[in-house]
Amino acid sequence: MVSSVAFCCAPALPLCKPSSSSSSPSPSPSPSPSPSPSRVRPRPVAPRLAVSPPQPPETRVRPQTYPPSVTPYPRPVGTPGRQADKVRALSSIPQLIHVLAEPPTADNLAVVDERHSPPQQLTFAQLNEQINCCTAGLRLLGLRPRCNVAFFSENSARWCILDHAIMSAGAAAAVRGVSAPPHELVFILEHSESKVLFVENLAVLKTLLSAGVDFSALHFVVLLFGHAQPAKHLVSAVPIYSYEDVLNLGANYTSDLVKPLAERTDIATLLYTSGTTGNPKGVVLTHANILSQLEDVSLGAFDPTPGETFLSILPCWHVFERTAEYWCHSKGVKTVYSNKRHFRDDLQKHQPHMLIAVPRVFESLHSAVMQKIRHASATRQALFSLFMGISMAYISARRRLRSQHIHAAPLSSTFEKALCAIQFTLLTPLYALANLLIWRKIRDGFGGRLRICLSGGGSLAGFLEDFFECVGIDICIGYGMTETSPVIANRFGEHNVRGSTGTELPRAYVKLVDMETGEPVPFGKQGRLCVKGSYVFSKYWKNQGATAKAFDVEGYFDTGDLAYRAPGGDIVISGRAKELIVLSNGENIEPAPIEDVMTASPMIDQIMLVGQDEKALGALIVPNLGLLESQGLIEEGTKDKVEKLLTDEVKNAEEIKKIEDQLEQSGEVVRTLEAEIASCNRQRVAYSANDRVSHVRVLLTPFSVENGMMTQTLKLKKNIVSERYAKEIEAMYRV
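In structure tokens, the structure reads:
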């Protein structure tokens with residue numbers, strides 16, 4: 000146990016000093032007492048280290064006039080009475096748990112973590128007590144307001160506690176998971192100018208030590224799990240404490256040590272996302288950014304209520320999961336921490352009412368069900384197919400009657416409406432039978448209480464939406480990104496329109512602009528989606544160039560996505576203008592560095608990576624036919640034949656396609672190219688498992704200015720290539 004006397008007598012650590020690149024003045028090294036409630040903190044004459052510049056007030060209205068949505072964005076449903084008013088009046092995120100530690104939610108379970116030792120079940124009052132102890136402990140160790148700290152760990156109740164404690168002390172955490180490449184963790188630690196390091200366990204500390212971290216630059220290190228002594232033998236250049244050390248040190252806290260010091264304009268966190276240079280960019284999110292989400296995000300009739308259970312499966316350092324946890328807490332909802340290994344067991348044991356996940360999670364649930372069906376008897380398979388068809392017809396008729404599918408033909412006449420109503424009426428008892436015989440059992444397999452899922456981090460396939468709707472579990476789609484805290488728009492109970500990403504939040508100002516001119520596009524036309532408002536970040540940490548490129552002259556953030564407005568006003572995401580590829584597991588992949596390495600191979604003339612919303616990357620490859628021919632992989636004379644056909648691409652397109660199909664069917668060329676790109680890929684310093692290319696399609700038509708697939712400056716028009724080879728890309732993933 001740590002001696003609190005020794006720590007209280009020891010001199011406090013100095014305030015975090017800005018780097019040479021910062022214009023902030025060096026704070027005084029002497030410890031300063033917490034300001035009393037009556038004392039107003041003086042405003043510094045220069046910008047502080049970890050405070051983003053105040054955002055200008057929103058004076059603009061929406062730049063485009065759209066018809067109002069069929070159903071306006073709903074008002075959020077919160078905790079009862081005065082408590083909901085207090086939640087809406089928060090000035091910082093850590094104040095949230097202080098409010099929830101009061102009646103009527105004080106004795107409600109807040110977090111459950113059975114996957115770590117010791118297991119924890121904490122009410123909101125108990126959670127608040129542990130946060131207070133850790134806040135006091137960290138402040139006694141010298142953590143001061145507007146310091147940046149690095150936080151490398153995965154989901155746990157302790158992650159939640161320390162996250163709030165760090166913010167309560169007025170600091171900001173640069174967060175990441177422990178499975179990230181070591182060089183990336185080192186970059187985040189150094190680039191964020193972190194003075195304190197929080198790591199999950201000794202293994203992570205060893206990884207950072209091997210990666211060359213200079214621990215002497217840190218003030219102290221905290222281990223979430225494990226004893227500090229083995230770590231002290233490993234790293235002697237910096238004080239190291241266990242979670243228990245911090246908790247015990249702050250156990251006898253006073254009120255002035257636990258009062259949250261952060262303000263709405265202070266930085267709450269730094270979230271590092273993929274950048275164009277290969278190094279991640281630090282997205283600066285303030286307390287105001289995230290609190291705006293808690294105040295505005297709503298699922299309408301699907302909103303959770305106090306006492307319900309939310310199963311946490313996504314990484315807690317991911318912006319989607321992190322904001323979702325704060326949001327669920329603000330509703331008085333219990334959070335149960337799970338992981339991939341125990342996810343299915345936790346569904347059964349904890350019977351959640353709500354699940355927030357990326358498409359890959361829903362894919363895995365669907366696959367598990369279908370695998371059981373495939374192993375069932377022929378009679379059961381036939382019965383499932385019959386009721387699946389009936390249920391599909393039922394939900395289709397229901398959506399058409401409610402105008403809840405943007406791709407379904409509208410019911411324009413009274414006769415069509417009557418016919419659809421008759422179909423719906425006739426199918427209703429059959430669907431009830433399907434529910435009794437099949438869907439109820441599948442719901443029981445998911446715990447029996449799961450009623451609402453929120454999907455984000457990528458596009459959810461239509462067949463998955465169909466399946467879960469047949470099962471009787473509603474899925475709402477949300478859209479956003481790290482830079483927007485993250486939600487920009489979402490579907491909700493009263494307006495769950497298939498094919499769309501829903502309606503934008505009340506304080507999201509959206510415009511769709513032409514990709515070439517930057518001018519607003521007419522209603523219903525595709526344009527680049529730009530947004531401004533309370534949820535949008537202010538800058539990338541220490542990256543003025545990237546910040547300048549991210550915003551237009553009116554202060555709108557360019558999301559890089561293409562979208563259009565559906566007739567009801569809903570936003571429909573139709574593609575990506577930026578090159579970042581988001582896999583179905585939510586991982587962001589920057590294709591350029593991977594493509595650059597692969598084009599260095601003599602076997603590959605041109606390459607374009609694909610894989611948006613898929614499980615893994617794929618590659619469209621224009622190979623070096625001469626080299627393939629010399630190695631005996633293709634018939635002699637193939638190169639000359641193809642070059643002759645390419646003199647008139649349009650006329651000979653069918654013949655070129657025929658040769659491409661022959662190369663695909665032979666398999667030898669594809670296997671050789673797969674081995675080559677795997678070899679090139681693994682040689683990259685920044686290689687990770689998500690960079691693996693699992694699918695290859697051979698193309699014989701080079702990307703060129705003449706055929707419209709390259710710009711005049713020889714940049715690949717990836718959206719044009721994707722459109723031209725859409726069928727080939729789809730076939731590549733359906734093999």
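For the sequence shown, counting from 1, position 596 maps to 595 in numbering that gives the first Met the number 0; every step adds exactly one. C-beta atoms are modelled at their ideal positions from N, C-alpha and C, and glycine is treated no differently. In this text, all values refer to a predicted model and were calculated from it rather than measured experimentally.
Under 7 Å between C-beta atoms of residue i and residue j
i	j	result
residue 354	residue 452	yes
residue 561	residue 611	no
residue 505	residue 72	yes
residue 626	residue 618	no
residue 365	residue 219	no
residue 132	residue 246	yes
residue 185	residue 210	yes
residue 496	residue 403	yes
residue 523	residue 564	yes
residue 336	residue 154	yes
residue 699	residue 728	no
residue 105	residue 123	yes
residue 515	residue 509	no
residue 520	residue 511	yes
residue 163	residue 96	yes
residue 357	residue 584	yes
residue 286	residue 165	no
residue 533	residue 291	yes
residue 638	residue 616	no
residue 605	residue 702	yes
residue 580	residue 572	no
residue 549	residue 530	no
residue 198	residue 214	no
residue 227	residue 201	no
residue 248	residue 126	no
residue 266	residue 171	yes
residue 311	residue 75	no
residue 455	residue 477	yes
Closer than 7 Å to chain D by CB, residue i
i	result
residue 192	This model lacks chain D altogether, as it is built from one protein chain only.
Cβ shell of residue i (< 7 Å), same chain only, five flanking positions each side left out
i	result
residue 301	451, 473, 475, 491, 492
residue 480	558
residue 717	578, 607
residue 719	707, 708
residue 735	The question about residue 735 has no answer, for the chain in this structure spans 0 to 734.
residue 8	Confidence at residue 8 is low in this model, with a pLDDT of 32, below 50, so its placement is unreliable and the value that follows should be read with caution. Within the same chain, residue 8 has no close Cβ partners at all.
residue 663	669, 697
Own chain residues within Cβ distance below 6 Å of residue i, not counting five before or after
i	result
residue 87	294
residue 350	446, 447, 448
residue 121	109, 110
Counterpart residues of residue i in DSSP-defined beta bridges
i	result
residue 572	562
residue 171	147
residue 694	617
residue 587	581
residue 503	488
residue 778	Because the chain is modelled from 0 through 734, residue 778 falls outside the range shown and cannot be assessed.
residue 709	715
residue 269	173, 283
residue 308	333
residue 557	529
8 Å CB neighbourhood of residue i in its chain, flanking five on each side removed
i	result
residue 632	667, 668, 671
residue 724	619, 696, 698
residue 416	400, 410
residue 405	496, 497, 498, 499, 565, 566, 567, 569, 571
residue 279	183, 186, 187, 271, 272, 273
(request) Mind listing, in chain order, the continuous beta strand (DSSP E) runs of no fewer than 3 residues lying wholly within the region 600-687? (result) Fully enclosed beta strand (DSSP E) runs of no fewer than 3 residues occupy 603-609, 616-622 of the region 600-687, in order along the chain.
(message) Using a Cβ distance threshold of 8 Å, determine whether the region 310-324 contacts the region 433-444, with at least three qualifying pairs required.
(response) no
(message) So within the region 102-167, which uninterrupted beta strand (DSSP E) runs reach at least 3 residues, ignoring any that extend past its ends?
(response) 108-112, 119-122, 147-151, all fully within the region 102-167.
(request) Could you tell me whether the region 220-227 touches the region 171-178, where touching means 3 or more Cβ pairs closer than 8 Å? (result) no
(message) To test your reading of the DSSP string, which unbroken alpha helix (DSSP H) runs of 4 or more residues are found completely within the region 431-483?
(response) 439-444, 461-470
(request) Would you be able to state if there are at least three C-beta pairs under 8 Å between the region 319-338 and the region 139-150? (result) No contact exists between the region 139-150 and the region 319-338.
(request) Please go through the region 224-259 and give each complete alpha helix (DSSP H) segment of 4 or more residues, from N-terminal end onward. (result) 227-233, 242-248, 254-257
(request) Enumerate, from N- to C-terminal direction, the unbroken beta strand (DSSP E) stretches of 3 or more residues contained entirely within the region 334-376. (result) 353-356
(message) I'd like the ranges of any beta strand (DSSP E) spanning at least 3 consecutive residues and lying wholly in the region 187-229.
(response) Inside the region 187-229, DSSP marks whole beta strand (DSSP E) runs of 3 or more residues at positions 195-198, 219-222, from first to last along the chain.
(message) Check whether the region 246-263 and the region 182-199 are in contact - that is, three or more C-beta pairs closer than 8 Å.
(response) no
(request) For the region 380-389 and the region 420-433, state whether three or more C-beta atom pairs, one from each stretch, are separated by less than 8 Å. (result) yes
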